[in-house]
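To keep things clear, I will list the structure first and then write my remarks on it.
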Amino acid sequence: MSEESGRRNLRMPSNDEVFAVVTDHLGGNHVQLQCADGVERLGRIPGRMKYRTWIEEDDVVVAEPWDWQDEKATIEWRYTSQDATQLRREGHID
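Residue numbers for the sequence shown, in full-length UniProt numbering: 1 to 94.
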């Protein structure tokens, strides 16, 4: 596979969103997130994603920290492992 054929246009975080990695599954619709801004947050999987998108440990996601509680965030998007590899290759995440 050539370098160019694997390139996809991926959803990027908007102004109030950050990249995050799921570090732990806490049960229900909650996960522990390590965000790119260095803050560890409690992540909530919204109902619209809960049964359609399985979120597991080490998944790369886009999270939106809550305005009123910065230690919590809502997961907005999950990347496939292939997309996460591309993000790391392009330097968006560590």
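We treat Cβ as the ideally placed atom computed from N, Cα and C, and that holds for glycine.
Exercise. Roughly how many whole angstroms lie between the Cα atoms of leucine 42 and threonine 23?
Worked result: Taking the sequence shown and counting its residues from 1, the one referred to as residue 42 is at position 42. Taking the sequence shown and counting its residues from 1, the one referred to as residue 23 is at position 23. The straight-line gap from Cα to Cα measures roughly 10 Å.
For this session: Please report the Cβ distance between histidine 25 and arginine 44, rounded to the nearest whole angstrom; I am assuming they are in contact, meaning their Cβ atoms lie under 8 Å.
Result: As a working mapping, residue 25 is identified with position 25 in the sequence shown. As a working mapping, residue 44 is identified with position 44 in the sequence shown. Going by Cβ atoms, the distance from histidine 25 to arginine 44 rounds to 13 Å, so no, they are not a contact pair.
Exercise. What is the DSSP secondary structure of glycine 38, counted as helix, strand or coil?
Worked result: Within the sequence shown, numbered from 1, the residue matching residue 38 stands at position 38. In this structure, glycine 38 counts as coil in the three-state DSSP scheme.
Problem set entry | Contact check, aspartate 59 vs arginine 88, beta carbons under 8 Å | Counted from its first residue, the sequence shown places residue 59 at position 59. Counted from its first residue, the sequence shown places residue 88 at position 88. No.
For this session: Might you give, ordered along the chain, the residues of its own chain that have their beta carbon closer than 6 Å to the beta carbon of alanine 20, omitting 5 neighbours on each side?
Result: One-based indexing of the sequence shown puts residue 20 at position 20. Excluding sequence neighbours, alanine 20 sits near Leu33, Cys35, Val61, Ala63.
Exercise. How big is the Cα-Cα spacing for isoleucine 93 and aspartate 70?
Worked result: By one-based count along the sequence shown, residue 93 stands at place 93. By one-based count along the sequence shown, residue 70 stands at place 70. Going from the Cα of isoleucine 93 to the Cα of aspartate 70 covers about 21 Å.
For this session: Take residue 96 as the anchor and find which of Gln82, Glu76, Val18, Arg8 has the nearest alpha-carbon.
Result: Since the first residue of the chain shown is 1 and the last is 94, residue 96 is not available in this structure.
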